[in-house]
Amino acid sequence: MANQARVDSIQDNINRVTRSIKYPCKPDGKPVYTSEFFGENVFHLQQIAKALPKPAYASFLKQMRGRQALDKGTADAIAHAVRIWAMDRGATHFTHWFQPQTGTTAEKHDAFLSLKSSFSANGEEHEAGTTPEVESIQVTAIDAFSGTQLLQAEPDASSFPSGGMRTTFEARGYTVWDTTSPMFIQEGPHGTSVLYIPSVFISYNGDALDEKTVLLRSTAQIAKSATELLNLIDPVPVGAQPRTSHVFTTLGTEQEYFLVDRSLYALRPDLKHTGRTLVGNLPPKHQQMDDHYFGRIPSKVLATMSEAELELFRLGVPVKTRHNEVAPQQFELAPIFEEASLAVDHNLLTMDVLSKVAHKNKLKVLYHEKPFKGVNGSGKHCNWSMSTDRGENLLDPTVKPETNYRFLLCLVAILHAVQQHGGLLRTSIASSSNEHRLGACEAPPMIVSVFLGEHLTEVLNSIEESRPIKNFSVPEIQTIRLGGTTLDVQVASLPTISRDLTDRNRTSPFAFTGNKFEFRAVGSKQSPAFPVTILNAAVASALQDVTEALRTQMGDKPYPSDADKVAVIKQFIASTKAVRFEGDGYSDAWIEEAEKRGLPNIKTSPEAFEQLLNPVHSDMLTKLGIFTQSELQSRHLILQERYSKDLLVEATTLSTLLASQILPAAFEYRGSLAQTVQVLKTIEGEEASPELAALQALTPVVKDLQAAIAQLDDTVHKMHLVGDDPVEEAKFACANVLPAMNNARAVADKLEVLTADKYYPIPHYSELLWF
Numbered sequence: 001m002a003n004q005a006r007v008d009s010i011q012d013n014i015n016r017v018t019r020s021i022k023y024p025c026k027p028d029g030k031p032v033y034t035s036e037f038f039g040e041n042v043f044h045l046q047q048i049a050k051a052l053p054k055p056a057y058a059s060f061l062k063q064m065r066g067r068q069a070l071d072k073g074t075a076d077a078i079a080h081a082v083r084i085w086a087m088d089r090g091a092t093h094f095t096h097w098f099q100p101q102t103g104t105t106a107e108k109h110d111a112f113l114s115l116k117s118s119f120s121a122n123g124e125e126h127e128a129g130t131t132p133e134v135e136s137i138q139v140t141a142i143d144a145f146s147g148t149q150l151l152q153a154e155p156d157a158s159s160f161p162s163g164g165m166r167t168t169f170e171a172r173g174y175t176v177w178d179t180t181s182p183m184f185i186q187e188g189p190h191g192t193s194v195l196y197i198p199s200v201f202i203s204y205n206g207d208a209l210d211e212k213t214v215l216l217r218s219t220a221q222i223a224k225s226a227t228e229l230l231n232l233i234d235p236v237p238v239g240a241q242p243r244t245s246h247v248f249t250t251l252g253t254e255q256e257y258f259l260v261d262r263s264l265y266a267l268r269p270d271l272k273h274t275g276r277t278l279v280g281n282l283p284p285k286h287q288q289m290d291d292h293y294f295g296r297i298p299s300k301v302l303a304t305m306s307e308a309e310l311e312l313f314r315l316g317v318p319v320k321t322r323h324n325e326v327a328p329q330q331f332e333l334a335p336i337f338e339e340a341s342l343a344v345d346h347n348l349l350t351m352d353v354l355s356k357v358a359h360k361n362k363l364k365v366l367y368h369e370k371p372f373k374g375v376n377g378s379g380k381h382c383n384w385s386m387s388t389d390r391g392e393n394l395l396d397p398t399v400k401p402e403t404n405y406r407f408l409l410c411l412v413a414i415l416h417a418v419q420q421h422g423g424l425l426r427t428s429i430a431s432s433s434n435e436h437r438l439g440a441c442e443a444p445p446m447i448v449s450v451f452l453g454e455h456l457t458e459v460l461n462s463i464e465e466s467r468p469i470k471n472f473s474v475p476e477i478q479t480i481r482l483g484g485t486t487l488d489v490q491v492a493s494l495p496t497i498s499r500d501l502t503d504r505n506r507t508s509p510f511a512f513t514g515n516k517f518e519f520r521a522v523g524s525k526q527s528p529a530f531p532v533t534i535l536n537a538a539v540a541s542a543l544q545d546v547t548e549a550l551r552t553q554m555g556d557k558p559y560p561s562d563a564d565k566v567a568v569i570k571q572f573i574a575s576t577k578a579v580r581f582e583g584d585g586y587s588d589a590w591i592e593e594a595e596k597r598g599l600p601n602i603k604t605s606p607e608a609f610e611q612l613l614n615p616v617h618s619d620m621l622t623k624l625g626i627f628t629q630s631e632l633q634s635r636h637l638i639l640q641e642r643y644s645k646d647l648l649v650e651a652t653t654l655s656t657l658l659a660s661q662i663l664p665a666a667f668e669y670r671g672s673l674a675q676t677v678q679v680l681k682t683i684e685g686e687e688a689s690p691e692l693a694a695l696q697a698l699t700p701v702v703k704d705l706q707a708a709i710a711q712l713d714d715t716v717h718k719m720h721l722v723g724d725d726p727v728e729e730a731k732f733a734c735a736n737v738l739p740a741m742n743n744a745r746a747v748a749d750k751l752e753v754l755t756a757d758k759y760y761p762i763p764h765y766s767e768l769l770w771f
């Protein structure tokens, strides 16, 4: 018989009726197509165009593209239009929605309601401030929303992570409307809604305090660098407009997550406070049968997914794919790719909506990278590419990549970026939670390398060696743009299919997957903004290096010849060979080989954070204007402090859980065993051998756990004595607190197996992972 609280939670889960939602229907009862209500809660450019005179709208478009400032008259007109639109849909409040350096979003709701005062003197009504003698004051409630309120707000910057850039006596900060991301409304309680205004967050001095400001800076830099390269290699007649006027990065985030029953979740203090289980053993059946991946989606989960998708469609989030992942109760949701900054907004919105809908369905979403020890962790695979304003994907190799010099120049630039700034990319995905995931259970290793696949590797090798490419047959189905060879599955009723140019290497942190790169090392819990910012920055810098090399190679010629392009491509192929790896990233042989190649193997997060201050990386970031030196120093301290705080919370939670629940349960069971042994000895006159054996096995483990708790508490105490230095605290936590936690867990997990089920106070993995 299990612990009663666990029994009640399991029974509640079994008897729970799945919520049903009504899909939008037409008056005749037929369903509305998704495309017809997609984005209905978004204030699109079309609405702005209707609200503004043509000259004002043209001015607004120029502002969106960074070509001029937004004037107050235009802002007032947009504010009026969006208020009417939002209030017609039930909105009572508005909020500047921004992304502080907490890994999540922030918002403060202000009502549209305002009060207008009028004064009466000698029986005549006057406006405020114009009446010499006041006989009465009349206050009228109105709805108002000005251009100034749309453009900016003033949250307290000292209450958010700032790395010393803001203090209690210097607390002013500003949120500023990001015009590149559309406003939207989210439904609230009691039929009300809130207007969300995507914003950036800066200090009184203009320093970036958020994730989005630096992301927008990085997208501007990569646009500038890529456009310069493209217009150099694809010239037009003198006086004509350049073929490419803008380049932007695209992003698709594959969001992995776990779902657990909320009533069972409530019985796990470790999950509630840290997002991961700090104790627990795998059940006999977990993911070893390979039957959960792409399996039938459980009905309760599918109901949650469907409801979340319905809301996301209305919010203009183009979610595309849903499926079971490898581990039990692990799932994935993936969208259609969008412009990178908007894709980041939509990913954070997706996480928020999914959490809220799961709560309604009495489930809990776990975004932690490793909530359960021993099974796959969760990532946020960031599929990244570059596109032109003409809709051309710059990473599309086409059927003959060996002669697609534009593609090859972009490709070697990306290789150069990872070669030069792999350590910085490692920084961008470092956290206490992602440390538990990386390097095991199908997650990529901590060494940042690039996987290109057999075909592209052969293309680069043949160019470097000035020889013909080995035979790779062209696909029969020319419309499949990824190219590759045809596969015959030897079944007459099945069609011939095209094989992609590249295989899939799940051990690679940065892999080319057909017409994009997949940055697989990004953690599921973190915002994709910082990793994409760093990737954009590194590639922007690399594109500048490639452009400079091309200008040097072409000399005084007006534009480079194909021979010039090949020469530069060869140069960068040779200089970036070390970062290309096609093998098993988990193998010990790769660790040794990576060291020989000079690739950094940064094993801990505190060590990774130091890369932000490495002149090789910091000079690049400041030269491009993506970060200032003070912003880098601030972010470095924030990351170190967050790491040590995360481990401190985990250690304190674990100690409390062990001392207040696990150990008392073991004491109770041990007392019961001792009493049983004594009774049986009195009755039978002989040793109660099975019960005595259980008691003898249990007792030393109980003592070991007491000692482990004491050691953990002592380590936490010593951490408090380290001082007020975030860097030293993070180093101490990594070197001492984490091992003490691992030791205490190992003992507690032994005790779980030895303790009778009726005494064990918290849900087992077998209950959390199967419902």
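When we follow the UniProt record's numbering, the leftmost residue of the sequence shown carries the number 1, and every step to the right adds one. Even for Gly, the Cβ is constructed at its ideal location relative to N, Cα and C.
Check: residue i C-beta below 7 Å from any heavy atom of the ligand MN
| i | result |
| --- | --- |
| I662 | The model depicted lacks the ligand MN and carries no ligand whatsoever. |
Counted within 10 angstroms of its Cβ, other Cβ atoms place residue i as buried (16 or more) or exposed
| i | result |
| --- | --- |
| Q138 | exposed |
| E211 | buried |
| L251 | buried |
| D156 | exposed |
| D714 | exposed |
| G173 | buried |
| G147 | buried |
| H436 | buried |
| S473 | Since pLDDT at S473 reaches only 49, below the 50 mark, its modelled position is unreliable, and the value read off the structure follows with that caveat. Label assigned to S473: exposed. |
| S498 | With a pLDDT of 49 at S498, under the threshold of 50, the predicted position of this residue should be treated as unreliable, and no value is reported. |
Beta-carbon proximity of residue i to residue j, cut-off 8 Å
| i | j | result |
| --- | --- | --- |
| T219 | F201 | no |
| N393 | N515 | yes |
| R745 | L278 | yes |
| A521 | I591 | no |
| S541 | M620 | yes |
| S9 | S299 | no |
| I447 | L342 | no |
| A574 | R597 | no |
| T175 | Q152 | yes |
| L692 | R670 | no |
| T388 | R580 | no |
| A733 | L648 | yes |
Range covered by the beta strand (DSSP E) that runs through residue i
| i | result |
| --- | --- |
| V194 | S193 to S203 |
| M183 | M183 to E187 |
| Y174 | G173 to W177 |
| A111 | H109 to A111 |
| S136 | S136 to D143 |
Boundaries of the alpha helix (DSSP H) in which residue i is found, first to last residue
| i | result |
| --- | --- |
| H381 | Segment K380 to T388 is the beta strand (DSSP E) holding H381; no alpha helix (DSSP H) there. |
| F530 | A529 to M554 |
| G523 | Taken as a continuous stretch (DSSP letters only), G523 belongs to no alpha helix (DSSP H), as it is neither H nor E. |
| I762 | Note, I762: premise wrong, no alpha helix (DSSP H); not H, not E. |
| K703 | S689 to H720 |
Taking only runs of the alpha helix (DSSP H) that begin and end inside the stretch 570–625, which ones reach a length of at least 4 residues, in chain order?
The stretch 570–625 contains these whole alpha helix (DSSP H) runs: 588–597, 605–609 and 615–623.
Can you list the beta strand (DSSP E) stretches of 3 or more residues lying completely in the stretch 274–361, in chain order?
With a minimum length of 3 residues, the continuous beta strand (DSSP E) runs that stay inside the stretch 274–361 are 319–324 and 330–335.
Counting Cβ pairs closer than 8 Å, one from the stretch 410–425 and one from the stretch 568–577, do we hit at least three?
A contact is defined here as three or more CB-CB pairs under 8 Å, and the stretch 410–425 meets this definition with respect to the stretch 568–577.
State whether the stretch 651–665 contacts the stretch 245–257, with contact taken as three or more CB pairs (one from each stretch) at a distance under 8 Å.
In the pairwise beta carbon analysis, the stretch 651–665 is classified as not touching the stretch 245–257: fewer than three pairs are separated by under 8 Å.
Do the stretch 184–192 and the stretch 41–52 make contact, defined as three or more Cβ pairs closer than 8 Å?
Yes, the stretch 184–192 touches the stretch 41–52.
Unbroken stretches of the alpha helix (DSSP H), 4 residues or longer, contained in the stretch 407–441
Qualifying alpha helix (DSSP H) stretches, in chain order: 432–435.
Any contact of the stretch 320–339 with the stretch 299–309, i.e. 3+ C-beta pairs under 8 Å?
Taking 8 Å as the limit for Cβ pairs, the verdict is that the stretch 299–309 does touch the stretch 320–339.
At least three beta-carbon pairs within less than 8 Å, the stretch 747–757 to the stretch 614–633
The stretch 747–757 is not in contact with the stretch 614–633.
Suppose only complete runs of 4+ residues qualify. What are the alpha helix (DSSP H) ranges in the stretch 32–104, listed by chain order?
The stretch 32–104 contains, as complete alpha helix (DSSP H) runs of 4+ residues, the segments 34–37, 45–51, 54–64 and 72–88 (chain order).
Pairs of beta-carbons, one from the stretch 96–105 and one from the stretch 343–355, closer than 8 Å: are there three or more?
Short answer: they touch.
My parser needs the beta strand (DSSP E) runs of 3 or more residues fully inside the stretch 230–275; what are they?
Qualifying beta strand (DSSP E) stretches, in chain order: 247–261.
With a cut-off of 8 Å, do at least 3 Cβ pairs link the stretch 703–710 to the stretch 398–408?
The stretch 703–710, when compared against the stretch 398–408, does not touch it at the 8 Å Cβ threshold.
Evaluate contact between the stretch 359–371 and the stretch 724–743, counting only Cβ atoms and requiring at least three cross-stretch pairs below 8 Å.
Between the stretch 359–371 and the stretch 724–743 there are fewer than three inter-stretch CB-CB distances shorter than 8 Å, so the stretches are not counted as touching.
Should the stretch 283–294 be regarded as contacting the stretch 373–385, the criterion being three or more beta carbon pairs within less than 8 Å?
Segments in contact, yes.
Specify whether the stretch 419–434 and the stretch 609–617 touch according to this definition: at least 3 beta carbon pairs, one from each stretch, less than 8 Å apart.
Yes, the stretch 419–434 touches the stretch 609–617.
Using 8 Å as the Cβ pair cut-off and three pairs as the minimum, do the stretch 80–99 and the stretch 189–199 touch?
Below 8 Å, enough C-beta pairs join the stretch 80–99 and the stretch 189–199 to call them touching: three or more.
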